[in-house]
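See structure below.
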Ligand SMILES: [Zn+2]
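In the numbering used here, the protein residues as written are 62 to 413.
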C-alpha cells in the first residue's frame, strides 16, 4: 500500500452577511487568540470601516494598533513586519481589499502569527486564501501560508464598493475553468499533485457563478453574496489542494506578466478574465468554451479585450509569449508559445 497523508488547513470561522462587521468581536473571540491585534489596512477601508473594526476588537481586551499601507509592495510588507516585531501582537487583521489583506497575510506568515481577513471588497480570491504575492522588482514575492483563521465579509460594505472591484472578483472565479484544465494537463503530463475533489469544487464554483450571472448586477447586495460565497469555495478548493492550482493556470501567468509589463493598467481579476478567454482557446481551439467564458465576463460587465484592460496589442503578445517563464508551473503554454500563435489566439477570440 502506498503511504499517503494530507493536511488540510481551512479558516475556522467564515462569517458572511448583511451587517456582520458588528460580529467581528464574536468571530475572533471564538478563536481563543492571545495578545493584541495588529490591524493592517489602507486609507479607503480605514475611513469606511476602520473605527468599527477597532471598536469591535477593543471589546476583546487589549486595544489594537493599526498600520496603514499605501501599496502592495515588498517594502510595505517589510514595514508591517517591522511594526509586528516591535509591537509583538497576538495576531494580525487585514482590513480592506487585496492589498491590505495580502500584506497582512504575508507579514503574519513571516512572524508566524495567525491572521484574520476582513474584506471590504470582493475583488480577488486572495481574501480567503493563504496565498499571496506582490511584485518585488523584476520578480514576485510569493507566500504559500495558512489561510485566514477567520473571515468576516460584510455584504452591506462589499455591495457599496466600486462595482469594477466586484466584477474583477467574478472574473477571478470564472478563470477557474481554465486553471482546472491546466491543472489536469499538468497532472497527466508532469504528474503534479492533483486532487479530484479540489478540481471539482473549483470548477463547480465557476459554474455556479456563471449560472447566477443574472443576479450579479450593480447595486444588488445579492451580487456581493454570490461573489463572496464563490471566493470562499475557491479558497477552500486551494486549501484542499494545498496549492493555488485549482484557481491559477496560464491565465494567471499572463496576468502576472502584465503586472510587470504594464504595472497598474488593470485589476488582477480583469486581467485573468481576459487571460482565461485566450487560455481556453489555446486549450480547446475553435471548439473550446472560450465563447462561454467571454459571454459570462461580458454579461457581468468585466473586460473581454486588450483595449478594455487599457493595454496595447504588443504588450498582450509579449505577456503571452513570455508568461511561461514567470514561475515553474506547467500549463497549456508549455515551454512557451510563439508570437504567431499568440496573435492567432488573441485575434480569433476578439481580445485584440
Ligand atoms: Zn486570481
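Virtual Cβ for every residue (Gly too), placed ideally from N, Cα, C. Since we're looking at a predicted model, the values are computed, not measured.
Subject >> Neighbour-count burial assignment, residue 197, 16 or more Cβ in a 10 Å radius >> reply: With fewer than 16 other Cβ atoms within 10 Å, it is exposed.
Original post:
Is the beta carbon of residue 188 sitting closer than 8 Å to the one on residue 159?
Top reply: Yes, Cβ-Cβ distance for residue 188 and residue 159 is below 8 Å.
Subject >> Identity of the residues DSSP links to residue 152 by a beta bridge >> reply: In the DSSP assignment, the residues bridged to residue 152 are 98, 175.
Original post:
Are the Cβ atoms of residue 109 and residue 213 separated by less than 8 Å?
Top reply: When the beta-carbon positions are compared, residue 109 and residue 213 stay at least 8 Å from each other.
Subject >> Cβ neighbours of residue 342 in the same chain (closer than 6 Å, five flanking residues each side left out) >> reply: Closer than 6 Å at the Cβ level, and outside the excluded window around residue 342, lie 349, 351, 406, 410.
Subject >> C-alpha distance - residue 304 paired with residue 333, whole-angstrom precision >> reply: Computed Cα separation, rounded: 18 Å.
Subject >> Assigned secondary structure, residue 127 (DSSP; H/G/I helix, E/B strand, else coil) >> reply: Strand.
Original post:
Taking the alpha carbon of residue 371 as the point to measure from, which residue in 232, 323, 404, 355 has its own alpha carbon closest?
Top reply: Residue 323 is the option with its Cα nearest to residue 371.
Original post:
Which one or two residues does DSSP pair with residue 336 in a beta bridge?
Top reply: Note: residue 336 sits in no beta bridge, so no partner.
Original post:
What do you reckon, is the C-beta of residue 313 under 7 Å from a heavy atom of ligand 1?
Top reply: Yes, the beta carbon of residue 313 sits closer than 7 Å to at least one heavy atom of ligand 1.
**OP:** Report yes or no: do the region 143-158 and the region 246-260 share at least 3 C-beta pairs separated by less than 8 Å?
**Re:** Output reads no: the region 246-260 does not touch the region 143-158.
Original post:
Near residue 222, what residues of its chain come up, given a Cβ to Cβ distance below 7 Å and the 5 sequence neighbours on each side ignored?
Top reply: Counting only Cβ-Cβ distances below 7 Å, and skipping sequence neighbours, we find 181, 182.
**OP:** Give the single residue among 279, 294, 247, 249 whose Cα lies nearest to the Cα of residue 208.
**Re:** Comparing Cα-Cα distances from residue 208 to each of 279, 294, 247, 249, the minimum goes to 294.
Original post:
Quick check: the region 261-271 against the region 228-247, are there 3 or more CB pairs under 8 Å?
Top reply: The answer is yes - the region 228-247 touches the region 261-271, with three or more Cβ pairs under 8 Å.
Original post:
Would a C-beta distance cut-off of 8 Å place residue 118 and residue 75 closer than the cut-off?
Top reply: Not in contact: residue 118 and residue 75 (Cβ atoms no closer than 8 Å).
**OP:** Would you mind sorting residue 358 into buried or exposed? The rule is 16 or more other CB atoms within 10 Å of its CB.
**Re:** Counting the other Cβ atoms within 10 Å of the Cβ of residue 358 gives 16 or more, which makes it buried.
Original post:
Per DSSP, which one or two residues make a beta bridge with residue 202?
Top reply: Per DSSP, 195.
Subject >> Beta-carbon gap between residue 276 and residue 288 smaller than 8 Å >> reply: For residue 276 and residue 288, no; Cβs fall outside 8 Å.
Original post:
So, is residue 344 buried or exposed, given that buried needs 16 or more other C-beta atoms within 10 angstroms?
Top reply: Per the 10 Å Cβ criterion, buried.
Subject >> Separation of residue 335 from residue 396, as counted between CA atoms >> reply: Taking C-alpha positions only, residue 396 is separated from residue 335 by approximately 21 Å.
**OP:** With DSSP as the reference, please indicate the residues paired to residue 180 in a beta bridge.
**Re:** By DSSP's assignment, residue 180 forms a beta bridge with 157.
Original post:
How would you label residue 67, buried or exposed, when you count the other beta carbons within 10 angstroms and need 16 or more for buried?
Top reply: That one is exposed.
Original post:
In chain order, what residues of the same chain lie with their CB nearer than 7 Å to the CB of residue 278, ignoring the 5 residues before and after it?
Top reply: Excluding positions up to five away in sequence, the list reads 284.
Subject >> Start-end ranges of the alpha helix (DSSP H) lying completely within the region 350-390, minimum 4 residues >> reply: The region 350-390 contains these whole alpha helix (DSSP H) runs: 351-361, 367-370, 374-383.
Original post:
By how many angstroms is the C-alpha of residue 376 removed from the C-alpha of residue 243?
Top reply: Those two C-alpha atoms are separated by around 23 Å.
Subject >> Contact test: residue 333 Cβ vs ligand 1 heavy atom, cutoff 7 Å >> reply: With a cutoff of 7 Å, residue 333 counts as near ligand 1, since its C-beta is closer than that to a heavy atom of the ligand.
Original post:
Just how far apart, CA to CA, sit residue 168 and residue 178?
Top reply: If you take the alpha carbons of residue 168 and residue 178, they lie about 13 Å apart.
Original post:
ligand 1 heavy atoms versus the CB of residue 163: any closer than 7 Å?
Top reply: For residue 163, the Cβ stays outside the 7 Å cut-off from all heavy atoms of ligand 1.
Subject >> Under 8 Å between C-beta atoms of residue 184 and residue 226 >> reply: The answer is yes: Cβ separation under 8 Å.
Subject >> First and last residue of the uninterrupted alpha helix (DSSP H) at residue 243 >> reply: Segment 237-251, the alpha helix (DSSP H) holding residue 243.
Subject >> Length of the line joining the Cα atoms of residue 89 and residue 211 >> reply: For residue 89 and residue 211, the distance between alpha carbons rounds to 7 Å.
Subject >> Of the listed residues 391, 238, 84, 368, nearest to residue 412 (C-alpha basis) >> reply: Ranked by how close their Cα comes to the Cα of residue 412, the residues 391, 238, 84, 368 have 368 in first place.
Subject >> Distance CB(residue 274)-CB(residue 337) smaller than 8 Å >> reply: Not closer than 8 Å, so no.
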